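Colleague:
Chains as they are written, first to last, in the working numbering: chain A, 18 to 1110; chain B, 1054 to 1341.
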């Protein structure tokens, strides 16, 4: 019997008591170790196992594992080391045998990446996670399980960090800790070696700042940093963890945003951005991240160098200690940032120039044109599809939303100007006024001739079609009839566009010498970008060459040498429209002639011609305009027309944009038709005619429509066209802070059925921390107030009959002030007796008297405009009774007598049943009625507005009575419907009222705001509790009013009002009305004082 | 020129002695010259309507010269008395008043009285500016009576033969406050003055300022464009007078763009946006 068997026999009985499998495990282990250890070592080994089994409850499981893995461990450790290892196993078993099992089991694999010396450290890491409950034990066990793989990707000290994180997470959620631990290997193995440490470091910060984000970070983090240059990832992650340490829970969202922004930036450029961010991070971590967030947007508008200059301004703010200002700056929520951006950027945005260009276009064309973004036209879905090209549909000039062609701002602005001038030119020089068969200034129309020729041809070739053809003589538009003359509508449309644009360009060039330079620059810019002529078919090349000639660059023409005469004929013809006074009729005739030439040129590829394509000689450039005559031969014959390529019209140069004469004429016609201006001779267009026009027109790109359903698509398109024609020409509603003049007094009376129309306006908001405006921060929606019952107004008048009469009288007393006596005049209506006596005395005394003894009464026009701004916030819904209770001690003393109390309560209820309790808003309304009555007596112009809303995007501005509006029953009805809505964002409401007063012409302007408390709204401050921000913004808005020459005045019924009003109003007048019910009496009195000042 | 005094550098003469002795440049736009001559012949008062700077005053000067030449042909021709009306203009400002002189008073004739006496063209410029009670004063002068009551002296003055009353009036700033009473305006025939068309304006500018026809026509083109902007922050289109100023500056060597900036853009409006738009029109028309 071998010693192994002896040992087994010796202990098997004992071990079987713990678990039936133990003896087998022992035997297996012994057999394998026999070759490594001597007898005594084997004995010691068995003893260790047995001791371990005895160690604690269920520690025999560890023994089982010990027996099983020892052979593997023994290969890596000396016997004494093995003994130490087993000791570790033992002390782990003290905490939990399950953990010990996991440890022992994991050891062989783990030793692959771990020294024996670190074994203890490793075990302790696991032990840290174990806190005695079963969840923690399971976690610790999981840790040992994962260790071998983890250690293969992370060094021990980093694993230690990971354990820190997991340990922290366990305080919140074991589930989260588990999932993080389980996912760790996959994450770290996917990260590069260098990234692992910073990734972990940031993870630690995230966990500390906001534990719940850890999972998100582990899930999304690797993906987020994936697109950041590998050399920069460490820097970014380091930055992120510093930031997170600074700002806490905000850190992770900032990291996500910044990482997403960085993704959009080419890797080679990330370095400088990150360097800058790292530099400013010590001053403001948030600013650093905001900078990264804004970087893609800023870069899209600025060059690297410009961006540096832009950033410097933000840094200056930081250096001045205005960290909030810098943050707002880099977040692009500051006017300064936007201004800098606009100043530095070469790019010109349409909104910043549109109203100016509109006036420019009006001046040039003399018509009521509007200027809008091309995007709007595409949205209207009436046949235009390019969002970036300038164009016009006859009443409006459409321009691309921005221009970024050149590197200087001014040049790009000039580009806009050229765009506008060319489009306006189409209106000014009559591109859309084509009339069939009218002679031009330089050419005679052949249209009629062509039409009859065409008819004869068709009849002779196919009599059946002729019938249809003569029917389609009833065309919708003149230009359509013209296009119908040609078989190839695509070709004639392309040629006509070139010719007509040449004519318009030529006019612009002659009439507007000042933009000649820019026109040429753009023409050259376009020529540089034309496609290669040699790659085109011959006919296409011909048309392309015409375009080049039309751009004033005949030198850019490339054409086979042996066919020069054809090209020359074409260019000569084109020159015809460069003559003074050429009209669109000339263009049409020239286009017809060019068509005749082009249609004979087969569209074959260059391979079929063996002659070199040459630039033209001097002679060709310097030719006189001429219409092509009969056959001037002497030229190589055209190649055979087999194997033709598809013909395409050349792309329009950008500055000329889209040209759709057929659609424009159609729209004009539809418009006339709808406005009943048909000239008697023309019958209204039928649906069939329209459909035919649309189907034939090459101005509509068919593939834009839903496939296979052409008819219904065209139908929808037609609806759009008709709808569009129905809207009157001129300016569509604008949505900028400047406008708002479109809506007039509500005396229409018949638009009641329409849904509430809201006009939107944008206003800046003052951020006192940043000492700067947040640009276009608030959106104010102006709408007419709802209408209620007329009875309300009458009831109030009756109820306050006495007061109404009194205030009216008081106000009427103000009228005589409108005459002022001027004294000491040499000539006047009356003699001032005092002056006369004085004069006489002086004269007697012989002192040089002046005969200024007359007086005169000068009439002074009373010229006052006032806007009342009523707080319609939810708090005005509060009953006055309750309010009073807040401030006053409960007056009633029931002396603990419940019966008295119930009596009082019953009385009160009865009282309330008869007359509902009064709310603050009710008093506001009553005051309004009184003020209105008084103001009507005195004749000042006044507006009444209510405001409320929720959040910065939805500030509601209710118009009860506009300044220009007459006082009528609708206004009376609207007063009834003044109801509490939501919050009180005073700033934008004040700014909108300022705008209204500013647009109104009056010598004295007053803004009176009635409110019941401090300004507050969602997001009107850093957090819910902050009041400073709102107060500062309101103050700023009031100051803006003063700057515009408006006298602002605040009335509040909030007794605590003194606190913030003092700060908010500074030197602006305000009053706290102590007794709320005196408001209706007080308001007119106050107004009298204000307006008299 | 009877009471003319001539000393260093300035002329001083009584209002009724002022005559236009040299032909002023005036380019007739339509039949206004014949109309005026007929009205003068028939002693019908004339109202000249039109925006500022289109040549109303120039027209009346021209007519004064022309009538002077055609009718009299000598020194005692038709004098021109111009009164610029303003809102403080009183009846005594027009008719005359007593002035104190030592212990005595002395009567001094007002311009309208003088005109009545000598038979002059009495030109009330911008008559809407005057107060309504003042304008009523001229009523008896404008109908068949041709009488001027001089209330303070208790006299009635019959107008001399050559006398005619002419008023100018700018309907551009028509507000309810500043409009002519119907009883006043229906005593006059009205000659409308509009802006001249491009060719005529070109000629006027060239003639008045001395610039060549090319520049003049560019200026006229500018005017046409700017006038398209009426009702757009611009109370009135640019006047021919301003264009002549611009032309004169150009003639003096100022660059056309700059000249238009000071004489047209800034003179017309204070609205920055409108200024900018007009400036762009200027830079479109004139090369650098």
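Each residue gets a CB set at the ideal place from its N, CA and C atoms; glycine is no exception. Keep in mind it's a predicted model, so treat the numbers as computed, not measured.
So is residue 944(A) in contact with chain B if we call contact Cβ pairs under 8 Å?
Modeller: Your numbering for residue 944(A) matches position 927 in the first chain. Taking Cβ atoms only, chain B never reaches closer than 8 Å to residue 944(A), which makes this a no.
Colleague: Using only CA atoms, which one of 1115(B), 1110(B) and 1308(B) lies nearest to residue 1294(B)?
Modeller: Here residue 1294(B) refers to the residue found at position 241 of the second chain. It is 1110(B).
Colleague: Quick test of the definition: if touching needs 3 or more C-beta pairs under 8 Å, does the region 555 to 563 of chain A touch the region 454 to 466 of chain A?
Modeller: The region 555 to 563 of chain A, when compared against the region 454 to 466 of chain A, does not touch it at the 8 Å Cβ threshold.
Colleague: To the nearest whole angstrom, what separates the beta carbons of residue 1272(B) and residue 1296(B), a pair I think is in contact under 8 Å?
Modeller: Taking the second chain and counting its residues from 1, one reaches residue 1272(B) at position 219. Taking the second chain and counting its residues from 1, one reaches residue 1296(B) at position 243. At roughly 5 Å, the Cβ-Cβ gap stays under 8 Å, so residue 1272(B) and residue 1296(B) are in contact.
Colleague: Beta-carbon of residue 967(A) versus every beta-carbon of chain B: anything under 8 Å?
Modeller: Counting from one through the first chain, the residue named residue 967(A) turns up at place 950. By this cut-off, residue 967(A) is not an interface position.
Colleague: Once DSSP output is grouped into helix, strand and coil, what is the label at residue 975(A)?
Modeller: The residue given as residue 975(A) occupies position 958 in the first chain. Note: residue 975(A) maps to strand in three-state DSSP.
Colleague: In the DSSP assignment, find the unbroken beta strand (DSSP E) run with residue 360(A) in it and report its ends.
Modeller: Numbered from its first residue, the first chain carries residue 360(A) at position 343. Note, residue 360(A): premise wrong, no beta strand (DSSP E); alpha helix (DSSP H) at 352 to 361.
Colleague: Residue 244(A) to residue 281(A), Cα distance in whole Å?
Modeller: What you label residue 244(A) is simply residue 227 of the first chain in a count that begins at 1. What you label residue 281(A) is simply residue 264 of the first chain in a count that begins at 1. Spanning the two alpha carbons is a distance of roughly 9 Å.
Colleague: From 1102(A), 1039(A) and 1031(A), pick the residue whose C-alpha is nearest to that of residue 1082(A); which is it?
Modeller: Against the first chain, residue 1082(A) aligns to sequence position 1065. Comparing Cα positions, the closest option is 1031(A).
Colleague: May I ask you to list, following chain order, the residues of the region 348 to 380 of chain A that have a beta carbon less than 7 Å from some beta carbon of chain B?
Modeller: Within the region 348 to 380 of chain A, the residues whose Cβ lies closer than 7 Å to some Cβ of chain B are 372, 373, 376, 377, 379 and 380, listed in chain order.
Colleague: Applying the criterion that 16 or more other CB atoms from any shown protein chain within 10 Å of the CB defines a buried residue, is residue 1139(B) buried or exposed?
Modeller: On the second chain, position 86 is the one that residue 1139(B) refers to. Counting Cβ neighbours within 10 Å, residue 1139(B) comes out exposed, since fewer than 16 surround it.
Colleague: Any residues in the region 410 to 434 of chain A with a beta carbon nearer than 8 Å to a beta carbon of chain B? Which ones, in chain order?
Modeller: Cβ contacts with chain B: 434.
Colleague: Determine, for residue 1097(A), whether the minimum Cβ-Cβ distance to residues of chain B falls below 8 Å.
Modeller: As a first step, residue 1097(A) must be located in the first chain, where it is residue number 1080. It does not: the Cβ of residue 1097(A) has no partner Cβ on chain B nearer than 8 Å.
Colleague: Give the residues of chain A in contact with residue 1111(B), contact being defined as C-beta atoms less than 7 Å apart.
Modeller: Sequence index remark: in the second chain, residue 1111(B) carries index 58 (1-based). The contacting residues do not exist; residue 1111(B) stays about 26 Å from chain A at best.
Colleague: Let me confirm a value: residue 603(A) is counted as buried when at least 16 other C-beta atoms fall within 10 Å, else exposed. Which label applies?
Modeller: In the first chain, the residue the question calls residue 603(A) occupies position 586. Answer is buried; the Cβ neighbour count reaches 16.
Colleague: With 8 Å as the threshold, decide whether the Cβ of residue 1278(B) is near any Cβ in chain A.
Modeller: Residue mapping note: residue 1278(B) aligns to position 225 of the second chain, counting from 1. Yes, residue 1278(B) lies at the interface with chain A (some Cβ there is under 8 Å from its Cβ).
Colleague: Examine chain B for any beta-carbon lying closer than 8 Å to the beta-carbon of residue 438(A), and answer yes or no.
Modeller: For the purposes of this step, residue 438(A) is taken as residue 421 along the first chain, with counting starting at 1. It does: the Cβ of residue 438(A) has a partner Cβ on chain B nearer than 8 Å.
Colleague: Assign residue 599(A) to one of two classes, buried (16 or more other C-beta atoms within 10 Å of its C-beta) or exposed (fewer than that).
Modeller: Residue numbering aside, residue 599(A) sits at position 582 when the first chain is read from its first letter. The residue in question, residue 599(A), is buried, as its Cβ has 16 or more Cβ neighbours within 10 Å.
Colleague: When the Cβ atoms of the region 366 to 385 of chain A are set against those of the region 332 to 349 of chain A, are three or more pairs found closer than 8 Å?
Modeller: No, because fewer than three Cβ pairs between the region 366 to 385 of chain A and the region 332 to 349 of chain A fall closer than 8 Å, the two stretches do not touch.
Colleague: Can you grab the Cα-Cα spacing for the pair residue 1323(B) / residue 535(A), in whole Å?
Modeller: The residue given as residue 1323(B) occupies position 270 in the second chain. The residue given as residue 535(A) occupies position 518 in the first chain. Looking at the two C-alpha atoms, the distance is approximately 28 Å.
Colleague: Would residue 1078(B) pass as an interface residue toward chain A - the criterion being a Cβ-Cβ separation below 8 Å?
Modeller: One-based indexing of the second chain puts residue 1078(B) at position 25. Judged by the 8 Å Cβ criterion, residue 1078(B) is not in contact with chain A.
Colleague: Check the Cβ-Cβ distances between residue 1303(B) and every residue of chain A, and say whether any is below 8 Å.
Modeller: Position 250 of the second chain holds residue 1303(B). Output row for residue 1303(B): interface = no.
Colleague: Let me know the beta strand (DSSP E) ranges lying completely inside the region 409 to 445 of chain A, each 3 residues or longer, listed in chain order.
Modeller: Correct list: 413 to 416.
Colleague: Whose C-beta lies closer than 8 Å to the C-beta of residue 1105(B) among residues of the same chain, with five residues either side of it excluded?
Modeller: By one-based count along the second chain, residue 1105(B) stands at place 52. Closer than 8 Å at the Cβ level, and outside the excluded window around residue 1105(B), lie 1223, 1225, 1289, 1292 and 1294.
Colleague: To the nearest angstrom, report how far apart residue 202(A) and residue 182(A) are at their CA atoms.
Modeller: Stepping through the first chain from its first residue, residue 202(A) is reached at position 185. Stepping through the first chain from its first residue, residue 182(A) is reached at position 165. Rounded to whole angstroms, residue 202(A) to residue 182(A) spans 15 Å at the Cα level.
Colleague: With a threshold of 8 Å between beta carbons, is residue 531(A) in contact with chain B?
Modeller: Along the first chain, one-based indexing puts residue 531(A) at 514. Yes, contact with chain B.
Colleague: Roughly how many angstroms lie between the CA atoms of residue 247(A) and residue 262(A), to the nearest whole one?
Modeller: Reading the first chain from its first residue, position 230 is the one you call residue 247(A). Reading the first chain from its first residue, position 245 is the one you call residue 262(A). Cα to Cα, residue 247(A) sits roughly 23 Å from residue 262(A).
Colleague: Measure the C-alpha to C-alpha separation of residue 156(A) and residue 191(A) and round it to an integer number of angstroms.
Modeller: Locating residue 156(A) in the first chain gives position 139, counting from the first residue. Locating residue 191(A) in the first chain gives position 174, counting from the first residue. Cα to Cα, residue 156(A) sits roughly 8 Å from residue 191(A).
Colleague: List the residues of chain A that residue 1153(B) touches, going by C-beta distances under 7 Å, in chain order.
Modeller: As a first step, residue 1153(B) must be located in the second chain, where it is residue number 100. Simply 868.
Colleague: Along chain B, which residues have their Cβ under 8 Å away from the Cβ of residue 803(A)?
Modeller: The count along the first chain starts at 1 and reaches residue 803(A) at position 786. What residue 803(A) touches in chain B: nothing, since even the nearest Cβ is about 34 Å away.
Colleague: In terms of residue numbering, what span does the beta strand (DSSP E) encompassing residue 966(A) cover?
Modeller: By one-based count along the first chain, residue 966(A) stands at place 949. From DSSP, the beta strand (DSSP E) with residue 966(A) extends over 958 to 966.
Colleague: Sort 21(A), 472(A), 1058(A) and 450(A) by Cα distance to residue 883(A) and report the nearest one.
Modeller: Taking the first residue of the first chain as position 1, residue 883(A) is located at position 866. The shortest Cα separation from residue 883(A) among 21(A), 472(A), 1058(A) and 450(A) belongs to 1058(A).
Colleague: Compute the distance between the beta-carbons of residue 523(A) and residue 594(A), then report whether it is under 8 Å.
Modeller: For the purposes of this step, residue 523(A) is taken as the residue at position 506 of the first chain. For the purposes of this step, residue 594(A) is taken as the residue at position 577 of the first chain. Yes, they are a contact pair.
Colleague: Against chain B, does residue 528(A) count as a neighbour if the rule is that its beta carbon must be under 8 Å from one of theirs?
Modeller: Taking the first residue of the first chain as position 1, residue 528(A) is located at position 511. Yes - at least one Cβ of chain B is within 8 Å of the one on residue 528(A).
Colleague: Does any C-beta atom of chain A lie closer than 8 Å to the C-beta of residue 1327(B)?
Modeller: As a position in the second chain, residue 1327(B) is number 274, starting the count at 1. By this cut-off, residue 1327(B) is an interface position.
Colleague: Which chain B residues sit within Cβ distance under 7 Å of residue 383(A)?
Modeller: In the first chain, counting from the first residue as 1, residue 383(A) sits at position 366. Result: 1281.
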